[in-house]
Amino acid sequence: MSVTHGQPIQIVARPIQPAPRRQAPVLTSEQRSEIAAARRLKQASVDEDIQGWYDDSVAFATTLATRFGRDSEHYLNMMFSGAAKLRAGPQRKANAYNAYLHHLASESNDHVRADELSRRHSEEYRELTDEQKQQYVAELQENRNSQQFGTRISERSRIHDVKQVCKTIEEAMLGLQARVGIQGFYCIVRSTTAYQLTPRIFFTNRSLDTFLRGAIRGFQPETIASLSEAFSIAGLDYMSFLRTTGEKVAFLKSEIRELINQALADATGVPEATMSYVQFTRDVQLKYKVTLEGWTPEELCKPADLPANVTLLQQLRDRLANGQCFFRRLGPSEYVAIEADYNEKVASGQVQTRKKRSDAGKARPRGQKHLFDNADERGSQAPDIGTGHPAAKRPRLDSGSAAVTAEQAA
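The opening position of the sequence shown corresponds to residue 1 in full-length UniProt numbering, with each subsequent residue numbered one higher.
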């Protein structure tokens, strides 16, 4: 099982200003009822047509399965997953002509249609230089980034954005469930007090929610969502929840240990690589051909041996997190120099190495351990501990034998 973590988002686009809204017409309650009824009727017709189209698709998939083999689910996956890939795939690359039309539309206040703009300014586009076209493309790409990552200003736009994204996530999960067979859940909470939003929790199947509530002690999605929301609004700073200096020091040292191990694994490409502080030259520099740069304490030591200074530990943790403290690949000349210096220290006794066993590399027989030398010393009722044999069992007496034994005893 793997756990993935999202990377922190850096806002690189300007905030989105809400578009001016038209004044809604004043309607009576009867008119509103008629409009709502017409809307429901229209939606029912659309749902009916879509259901008919889906039924036809299932029938067509069955026909394909009969003609070409495989099951119908395979062809349904080919038909529907292709559309999902087109919809959720990478954003289409901006071209110069569309970028120029976008620039004209953003400057025009007449709400002119795109085809009309194209007809009016086609000759002007042909006269543009390559540099001007690239500027328009960059402007369009910046606008797209603003639409995707720009901060929503109003409370209404934020809530609407969250609901639309949640709807897309749920549709994607249910579609994946239908195509490949998955189950899952998500929990989304706000991380600011600028707007009001109830935490959103979604399970692909109600049975999964019921099972987790019963199988995991204290598993309450509502409680988890509330705690997640409180922690997110507090700034996602776990240090703020630690009261004593000892707790903060222990937490920071644990983070430093994890970050430096992860940095070593990333630099070497060996996921199971672990940091060695005592034998750093032998187990890190000579083994993986990397060295550590940006270590702030005076000497390299285990995180447990670092001084209990919260400021110093925070500084080291931050440097590891933002890449200022990192592992660097050694050059050939550096590696040769470090290896020669290490061998010289080993020869002079400055570096203590473990002695090699005299029987290293030889197979050694495994002997059985016996607590007693023979059965007489163990006794008839003593268990056979360490002999590799099961303990002797007493003979089972049935009811008749038990009665005879009782009479003899009497």
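Glycine is no exception: its CB is placed at the ideal position from the N, C-alpha and C atoms.
Candidates the options, of which the one nearest residue i by Cα
| i | options | result |
| --- | --- | --- |
| T204 | F219, M79 and Y186 | Y186 |
| N309 | I233, R22 and T245 | T245 |
| Y125 | A96, E107 and A138 | A96 |
| L128 | Y342, A99 and V270 | A99 |
| T353 | K345, A360 and D359 | K345 |
| F202 | Q196, K163 and G235 | K163 |
| M79 | R179, Y288, P25 and F326 | R179 |
| I159 | A65, A36, R190 and S333 | R190 |
| T198 | T223, G184, L264 and Q177 | T223 |
Assigned secondary structure, residue i (DSSP; H/G/I helix, E/B strand, else coil)
| i | result |
| --- | --- |
| T291 | strand |
| I159 | helix |
| G379 | Residue placement at G379 is poorly supported in this model, since its pLDDT is 49, which falls under 50; the coordinates still yield a value, given next. If DSSP states are grouped into helix, strand and coil, G379 belongs with coil. |
| G175 | helix |
| R243 | coil |
| A215 | helix |
| I182 | coil |
| M79 | helix |
| Y195 | coil |
| S72 | helix |
| S154 | coil |
| Y238 | helix |
| L259 | helix |
| L117 | helix |
| C301 | coil |
| Q23 | coil |
| E142 | helix |
Range of the contiguous alpha helix (DSSP H) that encloses residue i
| i | result |
| --- | --- |
| F231 | P221 to I233 |
| R200 | Unbroken run through R200 is the beta strand (DSSP E), R200 to F203; no alpha helix (DSSP H). |
| S106 | A96 to E107 |
Beta-carbon proximity check, residue i vs residue j, cutoff 8 Å
| i | j | result |
| --- | --- | --- |
| P297 | L320 | no |
| V58 | L41 | no |
| C166 | R217 | no |
| A304 | K248 | no |
| R328 | E293 | yes |
| L101 | S118 | yes |
| I338 | T281 | yes |
| T192 | I233 | yes |
| S139 | H103 | The sequence shown places Glu at residue 139, rather than the Ser named in the question. Yes, they are a contact pair. |
| V290 | V284 | yes |
| A94 | Q141 | yes |
| L306 | L300 | no |
| E155 | Y195 | yes |
| F219 | L208 | no |
| T311 | Y288 | no |
| L286 | Y238 | no |
| L242 | F251 | yes |
| P271 | A265 | yes |
Start and end residues, beta strand (DSSP E) containing residue i
| i | result |
| --- | --- |
| I35 | Counting along the chain, I35 falls outside any beta strand (DSSP E), though it belongs to the alpha helix (DSSP H) covering S29 to F68. |
| I188 | F185 to I188 |
inquiry  = Which complete beta strand (DSSP E) runs does the segment 311-365 hold, if anything under 3 residues is left out?
reply    = 326-329
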